[in-house]
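Here's the structure we're looking at; comments come further down.
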Amino acid sequence: MNLNEINKLTNLIEKSYLNEKEVHDVLKLIKIALPCIQHACEKQPTMAWIASLLQANEQSKVVVPY
């Protein structure tokens, strides 16, 4: 994701209630969730991919496979 796309995602979050780490966590979940709602089933990620990202350490970057 480029900086412009990340800035658009942060507009989805009400940041006044969250600290920086919480905003980071919410952005990570949004980035994981977005590929899951692809219309074409073959473009949706596998549950293994989702589980691996959810279990990944804090420093991991979410890379969308499609």
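The opening position of the sequence shown corresponds to residue 97 in the numbering used here, with each subsequent residue numbered one higher.
Backbone N, C-alpha and C define an ideal beta-carbon position, used for all residues, glycine too.
Short Cβ contact (9 Å threshold) for residue i with residue j
i	j	result
ILE128	LEU149	yes
Legend entry - Continuous alpha helix (DSSP H) assignments of at least 4 residues falling wholly in the region 128-156: 143-151
Inset, instruction - Would you check if there are 3 or more beta carbon pairs closer than 8 Å linking the region 117-129 to the region 101-109? - result: yes
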